[in-house]
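Visitor: The numbering of the sequence shown is my numbering, which starts it at 50 and goes up by one. Virtual Cβ for every residue (Gly too), placed ideally from N, Cα, C. A quick note: this is a predicted structure, and the numbers were derived from the prediction, not measured.
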Amino acid sequence: MNVLVVGSGGREHALVWQLKKSPEVEQIWCAPGNAGIAADAECVAIKVDELEKLADFAETHNVDLTVVGPEAPLCDGIVNVFRTRKLPIFGPDRRAAQLEGSKDFAKQFMNKYHIPTARAAAFTAEAPAAEYIRNEFANGEKSVVVKADGLAAGKGVLVAPDEKSALDFLHECFAGAFGESGAKVLIEECLVGEEASIFALTDGKTIVPLVSSQDHKRVFDHDEGPNTGGMGAYSPAPVVTAAVWRDIENEVLKPFLEGVQSEDLDYRGVIFVGIMVCDGRPKVLEFNVRFGDPEIQPVMRRFDGDWFDVLLKTSEGKLAEADLVWSDDPAVSVVMASGGYPGKYTKGHVISGLREAAATGAVVFHAGTSFNQDGAVVNAGGRVLGVSARGKTIEEAIKGAYAAVAKISFDGGFCRSDIGAKALKHLKGDNI
Ligand code: AMP
Ligand code: GLY
């Protein structure tokens with residue numbers, strides 16, 4: 050079987066790494082890929098937004114399954130392009146991808162199918178939105194969340210601790226800081242709790258959750274500093290207790306599938322549900338129509354079955370026949386980022402110690418890496434590597450990941466030193 054993976058981050062490397070293990074898979078291409086993916090797949094110089102070119106490639110190379118990593122091509126309708134040309138692909142079509150592409154669409158879907166989520170109101174003009182924000186604070190809300198409706202590369206959400214910052218961010222949205230994505234804005238009630246990431250595969254007939262995980266969104270230790278794409282992740286997430294898991298299945302995933310069916314959405318892919326566990330009950334923060342990064346890295350480290358078969362069956366509407374095999378062993382992935390991230394950073398610094406890190410038994414997923422003129426691996430993006438390890442316990446996995454991190458260095462490179470600490474606190478029964 051021939052597979053094409055679309056994307057170039059740590060998520061795509063983790064997917065390629067698992068797909069490569071499948072006995073059925075003969076050839077993997079990745080468009081456009083990165084320096085690490087190049088060791089596991091053949092990288093193809095096609096960008097993720099060149100939908101027709103990707104379809105041409107899949108057709109001429111007899112690709113048996115295309116797996117799409119990022120949200121932008123899904124929201125742009127890559128699945129529609131492929132399916133029109135009868136090319137097999139894993140992912141929701143354009144209409145279904147609005148569950149991530151429009152926060153208002155997602156909120157209406159959640160409300161219609163009684164999925165627990167934050168109270169919210171949508172606005173297409175600044176003045177009534179500003180009035181709503183003032184009222185929220187006047188009525189005693191301590192914070193509100195302001196969200197640009199459309200895709201904004203993770204920058205379109207502000208958890209505003211006071212009225213002024215909420216109004217300033219609202220103004221930015223309507224002044225065009227996020228282009229068309231900010232032409233509509235949602236104002237949400239601020240939920241307080243601990244976040245977890247839940248991925249579930251669906252083919253529109255069945256829905257099957259993967260193991261739970263948790264991201265670390267803030268750039269510095271102890272969840273300080275600005276938000277990032279994610280500085281590390283572990284799986285499982287102990288905040289998702291058996292009771293929380295049951296609620297997620299019954300109150301989120303089942304009604305989600307019912308909604309997909311009632312709305313006749315073509316959904317043969319993954320739904321990533323961002324959950325806030327509030328007083329032991331799950332509430333949905335957001336839907337994403339793709340795997341989360343870095344969360345998919347520890348999740349892939351724990352998968353012991355045939356990933357290609359699972360994704361193929363999902364895309365064919367035969368998910369019920371798929372066999373998901375998980376290890377009980379926890380896994381952790383620590384992100385190494387470029388100095389200055391998530392702000393401005395410099396690129397082109399040679400990364401040393403990759404071989405030594407791999408020799409520890411860790412798996413180093415590449416995100417923003419490329420080759421310089423001498424063929425050395427250099428940093429080329431904000432998040433550079435995801436250094437992952439599996440262990441008999443979460444402690445062992447954390448130790449394994451950091452032992453490998455210690456071998457790697459590049460100018461300015463840094464990571465958080467507390468990835469996994471929250472899981473340990475849970476297991477010790479400490480309050481977080
Ligand atoms: P979103 O893109 O909607 O998930 O928002 C990004 C991040 O903002 C989430 O991962 C949360 O950390 C935070 N967030 C979003 N909505 C809320 C909310 N209603 N209450 C508290 N935090 C939120
Ligand atoms: N790590 C969060 C995301 O992928 O959106």
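1. Does ligand 1 have even one heavy atom less than 7 Å from the beta-carbon of ALA167?
2. Would you say the beta carbon of PHE342 comes nearer than 7 Å to a heavy atom of ligand 2?
3. Tell me which residues share the same chain as GLU185 and place their Cβ nearer than 6 Å to its Cβ, disregarding the 5 neighbours each side in the sequence.
4. Tell me the DSSP secondary structure of GLU300 in three-state form.
5. With 16 as the cutoff for other CB atoms within 10 Å, does ARG339 come out buried or exposed?
6. Where does ARG168 sit, in a helix, a strand or coil, going by DSSP?
7. Check SER71 in the structure and name its three-state DSSP category.
8. Which of helix, strand or coil does DSSP assign to ASN160?
9. If I measure Cβ to Cβ from GLY402 and keep anything under 8 Å in the same chain, skipping five residues before and after, which residues do I get?
10. Taking 8 Å as the threshold (C-beta atoms), are ILE86 and VAL52 in contact?
11. Please report the residue range of the alpha helix (DSSP H) in which VAL399 lies.
12. Just reading off the beta strand (DSSP E) that PHE420 is part of, what are its end residues?
13. Suppose the cutoff is 6 Å on Cβ atoms and the five residues either side in sequence are ignored; what does the same chain contact list for GLY253 look like?
14. For the putative contact between SER382 and SER437, defined by C-beta atoms under 8 Å, what is the C-beta separation to the nearest angstrom?
15. For ASP315, does the three-state DSSP call read helix, strand or coil?
16. Give a yes or no on contact between the stretch 88–104 and the stretch 445–452, applying the rule of three or more CB pairs nearer than 8 Å.
17. Within a Cβ cutoff of 8 Å, which residues of the same chain sit near ILE297, ignoring the five residues on either side of it in sequence?
18. Who are ASN51's beta bridge partners in DSSP?
19. Rounded to a whole number of angstroms, what is the C-alpha to C-alpha distance between ASP372 and VAL359?
20. What do you reckon, are the CB atoms on LEU216 and ILE182 nearer than 8 Å?
21. Mapping the DSSP letters down to three states, classify PRO137 as helix, strand or coil.
22. If I follow the unbroken alpha helix (DSSP H) through LYS196, where does it start and stop?
23. So, for ARG49: in the same chain, excluding its five sequence neighbours on each side, which residues have a beta-carbon less than 8 Å away from its beta-carbon?
24. Measure the CB-CB distance between VAL412 and GLY279 and report whether it falls below 8 Å.
25. Output needed for ARG60: all residues of its chain with C-beta closer than 6 Å, excluding positions within five of it in sequence on either side, in chain order.
26. Under 7 Å: does the beta carbon of ASN337 sit that close to some heavy atom of ligand 2?
27. Going by beta carbon distance, what residues of the same chain come within less than 6 Å of PRO210, once the five residues before and after it are set aside?
28. Can you say whether ALA187 is buried or exposed, counting buried as having 16 or more other CB atoms within 10 angstroms of its CB?
29. Which residue comes first and which comes last in the alpha helix (DSSP H) that contains ILE447?
30. Can you find a heavy atom of ligand 2 that lies under 7 Å from the Cβ of ASP211?
31. Return the chain-ordered ranges of every beta strand (DSSP E) run that is complete within the stretch 214–298 and spans a minimum of 3 residues.
32. Between which residues of its own chain and GLU318 is the CB-CB distance below 6 Å, once the five residues before and five after are set aside?
33. Between which two residues does the beta strand (DSSP E) harbouring THR115 extend?
34. For CYS464, verify whether its CB is less than 7 Å away from any heavy atom of ligand 1.
35. Confirm the yes/no value for this check: CB of GLY278, any heavy atom of ligand 2, distance under 7 Å.
36. Check whether the Cβ of LYS266 sits closer than 7 Å to any heavy atom of ligand 1, and report yes or no.
Guide: In this structure, then:
1. yes
2. The amino acid occupying residue 342 in the given sequence is Asp; Phe does not appear at that position. At least one heavy atom of ligand 2 is nearer than 7 Å to the Cβ of ASP342, so yes.
3. VAL193
4. helix
5. buried
6. coil
7. coil
8. helix
9. LYS456, ILE457 and SER458
10. no
11. That residue, VAL399, is in no alpha helix (DSSP H); it is neither H nor E in DSSP.
12. 418–420
13. VAL309 and TYR316
14. 4 Å
15. coil
16. no
17. ILE247, PRO258, VAL289, VAL322, ILE324 and PRO331
18. GLN76
19. 7 Å
20. yes
21. coil
22. Not the alpha helix (DSSP H): LYS196 falls in the beta strand (DSSP E), residues 193–197.
23. Any property of residue 49 remains undetermined from this structure, which presents the chain solely from 50 to 481.
24. no
25. GLY118, PHE340, ASP342 and ILE345
26. yes
27. SER192
28. exposed
29. 443–454
30. no
31. 234–238, 243–251, 256–258, 267–269, 273–276 and 281–284
32. With the sequence shown as reference, residue 318 is identified as Gly, and Glu is not the correct amino acid for it. PHE139, GLY140 and PRO141, listed in sequence order.
33. 114–117
34. no
35. yes
36. yes
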